[in-house]
Amino acid sequence: MKITIRQENKDDYPKVFEIIEEAFKNEEYSDHKEQFLVEKLRKSNAFIPELSLVAEVDNEIVGHILLTKLQIENKDQVFDSLALAPVSVKPEFQGKGIGAKLILESHAIAKKLGYKSIILLGHENYYPRFGYELTSKYNIEMPFDVPTENCMVISLTENGLDGVSGKVKYPAAFME
1 MKITIRQENK DDYPKVFEII EEAFKNEEYS DHKEQFLVEK LRKSNAFIPE
51 LSLVAEVDNE IVGHILLTKL QIENKDQVFD SLALAPVSVK PEFQGKGIGA
101 KLILESHAIA KKLGYKSIIL LGHENYYPRF GYELTSKYNI EMPFDVPTEN
151 CMVISLTENG LDGVSGKVKY PAAFME
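Take the sequence shown: its position 88, counting from 1, is numbered 88 in the UniProt record's numbering, and each next residue is one higher.
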């Protein structure tokens, strides 16, 4: 199976909406509104077109990932970072490495664009394989009450999290 990763374009939006909806339909820890979050984020200042990617198999979109801008703030400093939310794969294509390809490609592009880290809320057994660690290790706090084992961060560069600590400030679209 040949998987192609490319930047999403406006013509992809309806298909991506369906894929996100399908991917999260049976997720226990989901509000089942991720597809609407993606629509809001695309219209926000946090949106980075190069970091909205789709995965295709036989010219059919089967997956999507979105990284958007966020900040980590403490009393003295503000650090730019990214939010990974969400990564979605059509149920019948899950477990075939498509999500992994989307994640790794998004990391590579984010690094080229100069970003040093990515924050996410996700499955504690899935993301560590890509290098994600608990945010608590870096004294990075989420702005809402969530289990600490699901709050993760990755440094995209060597020492990319040196001196970084504080509270995550998500774009307004996440809070609507």
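We put the CB at the ideal spot given by N, CA and C, even for glycine.
Note that the structure is a prediction, hence the values are computed from the model and not measured.
query                                                                                             : result
First through last residue of the alpha helix (DSSP H) which encompasses H32                      : First-last for H32: undefined, no H or E at that position.
Strand pairing of M152, partner residues [DSSP]                                                   : L120, L134
R6 versus K75: straight-line alpha-carbon distance, rounded                                       : 39 Å
Buried versus exposed, by CB contacts within 10 Å (16 or more), H107                              : buried
Cβ pair A55, I3 closer than 7 Å                                                                   : yes
Residue interval of the beta strand (DSSP E) (run including K15)                                  : Run containing K15: none in the beta strand (DSSP E); it sits in the alpha helix (DSSP H), 13 to 24.
Separation of F17 from D11, as counted between CA atoms                                           : 11 Å
Counted within 10 angstroms of its Cβ, other Cβ atoms place P86 as buried (16 or more) or exposed : buried
Where G95 falls, given that 16 or more other Cβ within 10 Å makes a residue buried                : exposed
E73, enclosing beta strand (DSSP E) - first and last residue                                      : 60 to 73
Start-to-end residues for the beta strand (DSSP E) that takes in A55                              : 47 to 57
Limits of the unbroken alpha helix (DSSP H) element including K167                                : That residue, K167, is in no alpha helix (DSSP H); its beta strand (DSSP E) goes 166 to 169.
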